[in-house]
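**Q** Sending over a structure as C-alpha cells; questions will come in a sec.
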Amino acid sequence: MLKVLEDAPAHAYFILCTTDPQKIIPTVRNRCMQFEVQSLNDKELIGLMADVLGRLDIQGFPQDALREIAVVADGCPRQALMILDKVVDMEDSEMMSAIEQMRYGADKGVPDLCRALLAGKKWPEIVKILKQMDLSNNALEGVRLGVMGYMANVLLGAKGMSPEAVTAALVIDYFEKPWYNMGRAGLVKACFGAVVGDK
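And the structure:
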C-alpha cells in the first residue's frame, strides 16, 4: 500500500477514512494529511434532514420524529439519513415506535442491561441478561452505542451528583471505545468493569 501511495499519479488523491487513526501503520499515517471531523449537533442534523425532505418534495414530516431521529443518530449524518429513509413512508403512529426501536437496535436487552447496571446488580444477574442478548459482531456496536445513549440520557436528566449519575458516567467510561478487534469479549469486559469498578 505504501508504494501505491508514494507512486500515485499527480491527478490522483487517496482519502483514507477511519474512526481509529492509531490503527493505521505509522509509515502510512505520517504520509497523510489528517483532518478530524466533528459530529453534528441535533440542530444541524434536523436541518440536514429537513433539506433532504424538501429536495424530495415531502411535506408535513413530523418535527417530533426529526428531533427523535437526531437523538438516535447521535451526531452522525449518515445514520440520521438511513433512519429517515427507513421511516419516511410510515404512518405517524408507527414512525415514533420504529425510531425508538432503532435507538437500542433490534436487541431489547439493551434497556434491561442498562437498568441492571444502574441498579448495581451483581455480576451473575448481568451475565443472565448478556446471555439473552445478540452478541454477534454485527450487533455489538449497536449495543455499545445504545448503552452509551441510555447513560447519556440518565446524565442529562440527573439532578446533581446522584449515585445513578455517577454510575452512568462510570458505564460511559467503560463503553466509550469501540470493540472492533475484541468482539463480544469487549462487551463482557466493559460490563464486568462497570459492575466491579476499581475494586
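For the record, in the sequence shown the residue sitting at position 29 is 9 according to our numbering, with numbers rising by one throughout. Idealized CB from N, CA, C, for every residue including glycine.
Under three-state DSSP, which class holds Asp54?
**A** In the sequence shown, residue 54 corresponds to position 74, counting from 1. Three-state result, Asp54: coil.
**Q** Beta carbon of Leu110, beta carbon of Cys12: below 8 Å?
**A** Mapped onto the sequence shown, residue 110 falls at position 130. Mapped onto the sequence shown, residue 12 falls at position 32. Contact: no.
**Q** At 3 residues or longer, what runs of the beta strand (DSSP E) sit wholly inside the region 134 to 177?
**A** If we require 3 residues or more, the region 134 to 177 turns out to have no beta strand (DSSP E) run fully inside it.
**Q** Is DSSP giving Leu73 helix, strand or coil here?
**A** Numbered from 1 along the sequence shown, position 93 holds the residue referred to as residue 73. Per the sequence shown, the amino acid found at residue 73 is Ser instead of Leu. In the structure shown, Ser73 sits in a helix (DSSP, three-state: H, G or I).
**Q** Which whole-angstrom value describes the C-beta separation of Gly55 and Val90, a residue pair presumed to lie in contact below a C-beta threshold of 8 Å?
**A** Position 75 of the sequence shown, counted from the start, is the residue given in the question as residue 55. Position 110 of the sequence shown, counted from the start, is the residue given in the question as residue 90. In fact, because the Cβ distance is near 19 Å, the residues do not count as touching under 8 Å.
**Q** Whose C-alpha, out of Gly166, Lys108, Val51, Asp92, is nearest the C-alpha of Met82?
**A** Within the sequence shown, residue 82 is the residue found at index 102, counting from 1. That would be Val51, whose Cα lies nearest to the Cα of Met82.
**Q** Tell me which same chain residues have a C-beta within less than 7 Å of the C-beta of Glu121, skipping the five on either side of it?
**A** Numbered from 1 along the sequence shown, position 141 holds the residue referred to as residue 121. Same-chain partners within the cutoff: Pro158.
**Q** Is the distance from the Cβ of Asn29 to the Cβ of Glu48 below 8 Å?
**A** The residue given as residue 29 occupies position 49 in the sequence shown. The residue given as residue 48 occupies position 68 in the sequence shown. The sequence shown places Met at residue 29, not Asn. Contact: no.
**Q** In chain order, what residues of the same chain have a beta carbon less than 7 Å from the beta carbon of Glu144, not counting five sequence neighbours either side?
**A** As a first step, residue 144 must be located in the sequence shown, where it is residue number 164. Same-chain partners within the cutoff: Leu98, Val134, Ala138.
**Q** Can you tell which of Asp0, Ile26, Leu(-18), His(-9) has the C-alpha that lies nearest to the C-alpha of Asn161?
**A** Indexing the sequence shown from 1 puts residue 161 at position 181. For the residues Asp0, Ile26, Leu(-18), His(-9), the minimum Cα distance to Asn161 belongs to Asp0.
**Q** Looking at the unbroken alpha helix (DSSP H) that takes in Lys23, where does it start and where does it end?
**A** The count along the sequence shown starts at 1 and reaches residue 23 at position 43. 22 to 35 is the extent of the alpha helix (DSSP H) around Lys23.
**Q** Classify Met113 as helix, strand or coil using the three-state DSSP reduction.
**A** As a position in the sequence shown, residue 113 is number 133, starting the count at 1. In the structure shown, Met113 sits in coil (DSSP, three-state: anything other than H, G, I, E or B).
**Q** What distance in whole Å lies between the Cβ atoms of Ile152 and Ala132, which are believed to be in contact at a cut-off of 8 Å?
**A** Locating residue 132 in the sequence shown gives position 152, where the first residue counts as 1. Locating residue 152 in the sequence shown gives position 172, where the first residue counts as 1. The pair is a contact, with the Cβ atoms about 7 Å apart (cut-off 8 Å).
**Q** Which of the three DSSP states is assigned to Gly89 in this structure?
**A** As a first step, residue 89 is located in the sequence shown; it is residue number 109 there, counting from the start. Gly89 falls in the helix class under three-state DSSP.
**Q** Let me make sure I understand the geometry here. Which of Trp103, Arg95, Lys88 has the alpha-carbon closest to that of Met113?
**A** On the sequence shown, residue 113 is found 133 positions in, with the first residue counted as 1. That would be Lys88, whose Cα lies nearest to the Cα of Met113.
**Q** Could you check how far apart the C-beta atoms of Ile63 and Ile79 are, in whole angstroms? I think they sit under 8 Å.
**A** Residue mapping note: residue 63 aligns to position 83 of the sequence shown, counting from 1. Residue mapping note: residue 79 aligns to position 99 of the sequence shown, counting from 1. At roughly 6 Å, the Cβ-Cβ gap stays under 8 Å, so Ile63 and Ile79 are in contact.
**Q** So the candidates are Ser116, Glu156, Gly140; which of them puts its Cα closest to the Cα of Arg164?
**A** Position 184 of the sequence shown, counting from 1, holds the residue named residue 164. Here the closest residue by C-alpha is Ser116.
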